[in-house]
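Read in order, the letters of the sequence shown correspond to residues 1 to 572 in the UniProt record's numbering.
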Amino acid sequence: MSTDGRKTFMNSINKAEPMIVKWNLHIHETPPSSTKSVSIFYDFPEEALEFLTTVTDFNTAMEVYTNDESDATDIDKENILSRAGVLMKIAIQRLLKEFYHILEAKTLSSSDESSSDLENEGSDDRRFRTQDIADLRAIAECMVKLGYRKECVKAYKVTRISIIDEGMYRLGYDKLSKSQLQKLPWSSVEVRIRKWHKSLGMVIQTLFSDEKLLSEEIFGFSDSLKESCFAKISKVRASQFLAFPSLVTSTTKKSPEKIFLFLDLYDVITSEYSSEIKSLFFKSPAFAVVKSQVLLTVEKIGQTIRTMLGNFETAIRKDTCKTLVPGGGVHPLTRYVMNYVVFLADYTQAISDIYVDIPVANYKSSLLLLPDNLLRLVITPSSPTTCSDKDGENTGASGRLSWIIMILQSKLDAKSRFYRTPGLSYLFMSNNIHYILQKVRGSSRLHLLLGEDWEMKTKEKETNYIDSYVNVGWKKVIDAIAPEDPTTAISRMKEFGKAFEEVCRCQAEWVFANEKMREMVKVKVEENVVESYRPFYDECCKGNNQSDLKFSPEEVEKNIADLYSDNVDSST
Numbered sequence: 001m002s003t004d005g006r007k008t009f010m011n012s013i014n015k016a017e018p019m020i021v022k023w024n025l026h027i028h029e030t031p032p033s034s035t036k037s038v039s040i041f042y043d044f045p046e047e048a049l050e051f052l053t054t055v056t057d058f059n060t061a062m063e064v065y066t067n068d069e070s071d072a073t074d075i076d077k078e079n080i081l082s083r084a085g086v087l088m089k090i091a092i093q094r095l096l097k098e099f100y101h102i103l104e105a106k107t108l109s110s111s112d113e114s115s116s117d118l119e120n121e122g123s124d125d126r127r128f129r130t131q132d133i134a135d136l137r138a139i140a141e142c143m144v145k146l147g148y149r150k151e152c153v154k155a156y157k158v159t160r161i162s163i164i165d166e167g168m169y170r171l172g173y174d175k176l177s178k179s180q181l182q183k184l185p186w187s188s189v190e191v192r193i194r195k196w197h198k199s200l201g202m203v204i205q206t207l208f209s210d211e212k213l214l215s216e217e218i219f220g221f222s223d224s225l226k227e228s229c230f231a232k233i234s235k236v237r238a239s240q241f242l243a244f245p246s247l248v249t250s251t252t253k254k255s256p257e258k259i260f261l262f263l264d265l266y267d268v269i270t271s272e273y274s275s276e277i278k279s280l281f282f283k284s285p286a287f288a289v290v291k292s293q294v295l296l297t298v299e300k301i302g303q304t305i306r307t308m309l310g311n312f313e314t315a316i317r318k319d320t321c322k323t324l325v326p327g328g329g330v331h332p333l334t335r336y337v338m339n340y341v342v343f344l345a346d347y348t349q350a351i352s353d354i355y356v357d358i359p360v361a362n363y364k365s366s367l368l369l370l371p372d373n374l375l376r377l378v379i380t381p382s383s384p385t386t387c388s389d390k391d392g393e394n395t396g397a398s399g400r401l402s403w404i405i406m407i408l409q410s411k412l413d414a415k416s417r418f419y420r421t422p423g424l425s426y427l428f429m430s431n432n433i434h435y436i437l438q439k440v441r442g443s444s445r446l447h448l449l450l451g452e453d454w455e456m457k458t459k460e461k462e463t464n465y466i467d468s469y470v471n472v473g474w475k476k477v478i479d480a481i482a483p484e485d486p487t488t489a490i491s492r493m494k495e496f497g498k499a500f501e502e503v504c505r506c507q508a509e510w511v512f513a514n515e516k517m518r519e520m521v522k523v524k525v526e527e528n529v530v531e532s533y534r535p536f537y538d539e540c541c542k543g544n545n546q547s548d549l550k551f552s553p554e555e556v557e558k559n560i561a562d563l564y565s566d567n568v569d570s571s572t
C-alpha cells in the first residue's frame with residue numbers, strides 16, 4: 001500500500017501545487033507597476049472557490065498520507081511531507097492575507113468617517129457586502145477545518161478591535177484613569193460625561209451590536225467560535241466603556257446641582273438602552289465581567305444620587321439666610337427647592353428604583369422636630385401606583401419628594417418667625433404654600449406622584465394660614481365691630497377707623513404670590529370685615545351724628561379693594 005499511497009498523494013501534490021504556488025505571496029504579490037495588492041476574492045472571484053476546494057482537498061489527502069503507517073519507515077515520506085508542508089504553509093499565508101484584506105478594506109473606509117457620519121448613518125451603511133461576508137465565512141471555515149483556528153481568530157480579533165477603538169474615539173470617548181479624572185476641572189469632566197451619555201446608544205446599538213452580528217455571520221458554523229470571537233474583541237472594551245460613570249462617581253464632589261446629570265446616566269443605562277445591554281452582555285458567561293461592571297456602575301450611580309439628594313435635604317435644613325422677603329412674598333428658597341423637585345419628578349422611575357426598600361431616613365423621629373402647626377397636617381403622598389407606605393415610612397419617589405417638600409415647609413415656618421408682625425408671618429406662609437401648590441399642579445408628573453389627598457391637605461394648610469392672616473392681621477379691625485354694648489358703638493367706630501387706617505397703611509407693601517392668591521385673601525377679608533361692618537354702621541347711624549362715622553360700608557369696601565389691587569409678588 002505504501003507505493004499506492006505515495007503515488008496517490010504525489011498526484012494530490014501535483015494537482016494542488018500549481019494553484020497554491022500561483023498565489024504564493026512571495027512570488028506573485030502584485031504586478032511591478034501596481035501599488036494595489038492583488039486579491040483572489042476581489043480580483044479573481046472565479047478562482048476563489050477553486051482555491052479553497054484545492055486547499056481543503058489537499059489537506060485531506062495530506063492527513064490520509066500522514067496517518068498511513070504502512071510506509072512509516074519510507075525514507076522518501078519525510079521529504080514528501082516536508083514538500084507538502086511548504087505548500088500548505090503557502091496556502092495558509094494566502095488565506096490569512098485574504099482574510100485580512102477583506103476585513104481591512106472595510107476598516108480603512110470606516111476610519112475615514114467623521115463622528116457625525118458615525119452618528120447619522122444607519123447600521124446598514126457600516127455593514128460588509130453580502131459577498132464579503134460569504135468570502136470571510138468561507139475562509140474562516142476552511143482555516144478552522146485545516147486546524148488553523150487560532151491564527152484565524154487572532155487575525156479577526158486584531159482587525160476588529162481597531163474598529164471599536166476607532167469608533168469610540170470618534171464618538172469622543174477617551175479612556176482615562178481615576179487619577180487622570182481627579183486632576184481635571186469639573187467643567188472638563190462634565191463635557192466627558194455628556195459625550196459618554198450621548199455616545200452610549202451608538203456604542204451599544206452600532207459598534208457592539210454590529211460586532212456581534214458580524215461574528216455570528218462569519219463564524220456561524222460554530223456556536224462556541226462565534227461567541228468567543230465576539231467576547232475576545234468586545235469584552236475588555238465594553239467593560240472599560242461601561243466603567244466610566246463608576247469612575248466619575250468616585251472622583252466627583254456630590255453637589256446637589258449635579259444630580260440631574262447622574263440621573264440621566266442612570267436612566268440611559270437602566271431604561272433607554274437596558275434591553276440592548278442585557279441582550280449583548282448578560283446572557284453569556286463569557287461576558288460575566290461586563291455584566292458585573294454594568295451592575296457595579298448602576299449601583300455606584302445610585303449611591304451618588306442618594307448622597308446628592310441627601311446633601312440637598314441637608315442644605316435646606318441648614319439654610320441660614322435670615323433676610324426677610326419684602327411684603328411676605330415667596331422666598332427664593334421655595335422657588336429653588338420646588339423647581340428642583342419638579343425636575344426630580346421627571347425621573348420618577350429612576351428615583352423609585354434607587355430608593356426601593358430604602359425608607360426616608362429617621363422618618364418618625366424627624367416628625368418630632370416639626371412645629372405643631374405642621375405636625376398636625378403631616379402630608380404623605382396618596383398615589384396608590386407610585387407610593388409604598390409601610391408603617392409611616394415612605395419609600396420610592398413619592399415618599400422622597402413629599403419629604404423634601406415637608407422639610408422645606410418646616411424651614412419656611414422657622415423663617416416666618418423672623419417677621420415681627422404676626423399677620424405678615426402668616427401671609428408669608430400662605431404665599432409660599434400657595435406657590436408650592438401651584439408648582440405641583442403645574443407638573444402633571446409631580447401632581448400624579450403626590451396624589452389628590454396630598455393636594456387636598458396642602459390646600460387645607462394654605463386655607464388655615466390665610467385664615468390666620470385675616471384673624472391676626474385684621475384683629476383690631478374685627479374686634480372693633482364685634483357685637484358689644486350699644487352705648488359704646490361710637491367709641492368703637494372711632495377705634496375701627498383708626499385700626500382700619502393703620503391696617504391699610506401697614507399692609508400697603510404686603511404682597512401675594514399671584515392674582516389668584518390675592519383674590520382669595522380679598523374675599524376672606526371682605527367676609528370678615530365688610531359683611532360685619534355694614535350692620536354695625538347701620539346701628540351707629542341711629543341717633544348719632546353722621547360726622548362721627550368716618551367710613552361708609554362702600555368706602556370700606558373700596559379701600560379693601562384698593563389695598564388688594566396691585567400687590568402681586570413680581571418675583572414669581
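Think of the CB as a built atom: it goes at the ideal place given N, C-alpha and C, for glycine as much as any other residue. Bear in mind that the values here come from a model prediction, so they are computed numbers and not experimental data.
Beta-carbon spacing of residue i, residue j below 7 Å
i           : j    : result
A350        : Y426 : no
L324        : F418 : yes
L263        : Y169 : no
residue 573 : L171 : Absent from the model: residue 573. The displayed extent of the chain is 1 to 572, so no value can be given.
L450        : S402 : yes
V472        : V525 : no
I407        : E313 : yes
S352        : A288 : no
C540        : A480 : no
I354        : G302 : yes
I218        : Y148 : no
F99         : A155 : yes
E216        : S284 : no
T252        : Q182 : no
I20         : I90  : yes
L52         : C152 : no
Nearest residue (CA-CA) to residue i, options the options
i    : options                : result
H331 : R6, A513, K522, E276   : A513
G442 : D165, V341, E50, Y173  : V341
S292 : S188, M517, A243       : A243
K498 : R518, A508, V477, A482 : V477
M62  : E17, E527, E313        : E17
F536 : S491, E166, K550, P483 : P483
F41  : D68, K97, D76          : K97
V290 : K232, C321, F343       : K232
N559 : L549, D538, M493, A508 : A508
A238 : I164, I316, Y435, H197 : I164
T320 : C152, K415, S12        : K415
P326 : V298, F428, F343, C504 : F428
Y533 : F496, G328, D76        : F496
M517 : G328, R492, T252       : G328
G399 : K542, A345, P422, Y435 : A345
V523 : K494, K550, L563       : L563
E557 : E515, E501, C506, S234 : E501
Residues that DSSP places opposite residue i in a beta bridge
i    : result
V568 : F512
Straight-line gap, residue i to residue j (C-alpha atoms, nearest Å)
i           : j    : result
E190        : L25  : 51 Å
H101        : S39  : 8 Å
E463        : S410 : Inspection of the sequence shows that residue 463 is occupied by Thr rather than by Glu. Whole-angstrom Cα-Cα distance: 17 Å.
L207        : Q240 : 14 Å
V337        : T159 : 53 Å
L296        : S179 : 19 Å
K254        : S187 : 15 Å
D566        : V529 : 20 Å
V511        : F282 : 59 Å
L146        : I139 : 10 Å
D68         : T130 : 41 Å
L87         : F9   : 13 Å
T30         : F44  : Low per-residue confidence applies at T30: pLDDT is 47, beneath 50, and the placement is therefore not dependable, though the value from the model is reported in the following sentence. Rounded to whole angstroms, T30 to F44 spans 13 Å at the Cα level.
R83         : K7   : 14 Å
Q205        : R317 : 44 Å
I305        : S275 : 23 Å
E393        : W454 : With a pLDDT of only 42 at E393, under the threshold of 50, the placement of this residue in the model should not be trusted, and no figure is reported.
residue 576 : R94  : Absent from the structure is residue 576, since the part of the chain shown begins at 1 and ends at 572.
K390        : V298 : For K390, the pLDDT reaches just 40, beneath the cut-off of 50, and the residue's location in the model is therefore unreliable, although a value from the coordinates is still provided. So the alpha carbons of these two residues sit roughly 26 Å apart.
V236        : K175 : 12 Å
Supposed contact pair residue j and residue i - C-beta distance, whole angstroms, cut 8 Å
i           : j    : result
L437        : T458 : 6 Å
residue 573 : P256 : In this structure the chain extends from 1 to 572, so residue 573 is not present and cannot be described.
N431        : D569 : 7 Å
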